[in-house]
DNA sequence: TTCCTTTCTTAATCTACATTAATGCACAGG
DNA sequence: CCTGTGCATTAATGTAGATTAAGAAAGGAA
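Chains as they are written, first to last, in the numbering used here: chain A, 624 to 778; chain B, 624 to 778.
Shown next as structure tokens:
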């Protein structure tokens, strides 16, 4: 277990790395993202203080995600120990959350995705640039801007 | 561990059930699906013989998915034992697959999704009605029909 | 401060997919 | 056998969101 201090923008893990670690965020804000074959960046998740960030790849396979710091951050790096005190209920909870996200992605409009983001990450809306929120939602910054305009008109 | 014989169309699990089970498919074909608040059906996965089918909900939470039989089927029903011989590497593998699917869903066109489906389930294309494939891909049957037409023209 | 780069927003146009509707087919029940 | 019901396909029209382009606002480095 190792403590790591990160500068904003610093990369913690690259796609293709083996033996990816688990990061417990003590302060700051991380993101993980994939880069498609067309070169587009898709943010997979955010992790503010108190959250866990990890690629879900098995340790014998290369990981799929990049992880970097959106703000200066402090994280604890842990090994993914296969055996041992692996918290099975926590793994199942992760599966459940992912499953819900898949279901959501299949049916939801840009507006609904934005509402879902707000519900999932209420504390970080102000700390993340719009274009990253758009990337997380899977829409363009222009589309997100339109969604926000419509929302603010209604209230 | 209990053996269950299912008729085509028979429902094995409903959304909202607690303590959902794990099903090992010995023969036939199952599907799991969600129904959105607008009443639309989204197929989450298929499970032909040899596959495992389960909702990923923790046992203390209601599950999200319906499971039913696309063909007459035989399945083994197992409890989700929290403790005990839970296969952690297998759980991690499931996470990894789900993560890849999320990334795919965020960036892929209807054509790409169809290619992905063919790669994932090569053995069942003939056994599943088009409209269910469309539902799995998150597009309408009409859109799938157009994709298939384009593909066949090219080759 | 000034300059430069990046981000956000607005608007015009384009495109993939949804919706609606009509038609042809297959198969199940009488 | 006829007749209904559901499925697949095609074509038309509609629409959410992508793309392109331009200008305004915000942040960093000298």
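Just so it is clear, CB atoms sit at the ideal spot from N, CA and C, and this is done for glycine as well.
Computed from a predicted model, the values in this text were never measured in an experiment.
Can you tell me which residues form a DSSP beta bridge with residue i?
i: residue 646 of chain A; result: A:676 and A:700
i: residue 601 of chain B; result: Any question about residue 601 of chain B goes unanswered here, given that chain B covers just 624 to 778.
i: residue 654 of chain A; result: A:669 and A:691
i: residue 684 of chain A; result: DSSP, once it has assigned bridges, lists no residue as partnering residue 684 of chain A.
Can you give me the Cβ contacts of residue i inside the same chain, cut-off strictly under 6 Å, excluding the 5 residues immediately before and after it?
i: residue 634 of chain B; result: 691
i: residue 678 of chain B; result: 643, 686 and 688
i: residue 629 of chain B; result: 692 and 696
Among the residues of its own chain, which have a CB less than 8 Å from the CB of residue i, if the five just before and after it don't count?
i: residue 638 of chain B; result: 657, 658, 685, 686, 687, 688 and 689
i: residue 750 of chain A; result: 652, 671, 693 and 694
i: residue 664 of chain A; result: 656, 657, 658 and 758
i: residue 645 of chain A; result: 675, 676, 677, 700, 701, 702 and 703
i: residue 731 of chain A; result: 739
i: residue 682 of chain B; result: 641, 642, 643, 703 and 705
i: residue 747 of chain B; result: 652, 669 and 671
i: residue 717 of chain A; result: 679
Counting only the same chain and skipping the five closest in sequence on each side, list residues whose C-beta sits under 7 Å from that of residue i.
i: residue 727 of chain B; result: 739
i: residue 647 of chain B; result: 675, 698, 699 and 701
i: residue 776 of chain A; result: none
i: residue 711 of chain A; result: none
i: residue 661 of chain A; result: none
**Request:** Taking only beta carbons into account, state which residues of the segment 714-747 of chain B come closer than 7 Å to chain A, listed in chain order.
**Result:** 714, 715, 716, 717, 718, 719, 721, 722, 723, 724, 725, 726, 728, 729 and 730
**Request:** Taking only beta carbons into account, state which residues of the segment 646-660 of chain B come closer than 8 Å to chain A, listed in chain order.
**Result:** 657 and 659
**Prompt:** With contact counted as at least three CB pairs below 8 Å, one residue from each stretch, are the segment 738-757 of chain A and the segment 732-742 of chain B in contact?
**Reply:** no
**Request:** Mind checking the segment 669-682 of chain B against chain A and listing, in chain order, the residues whose C-beta falls within less than 7 Å of any C-beta there?
**Result:** 679, 680 and 681
**Message:** Quick check for students: name the residue ranges of the alpha helix (DSSP H) that lie wholly in the segment 713-777 of chain A, counting only runs of 4 or more.
**Reply:** 733-743, 753-760 and 764-777
**Prompt:** Can you find at least 3 beta carbon pairs, one from the segment 753-767 of chain B and one from the segment 707-725 of chain A, that sit closer than 8 Å?
**Reply:** no
**Request:** Could you list the residues in the segment 756-773 of chain B with a C-beta less than 8 Å from some C-beta on chain A, going in chain order?
**Result:** 761
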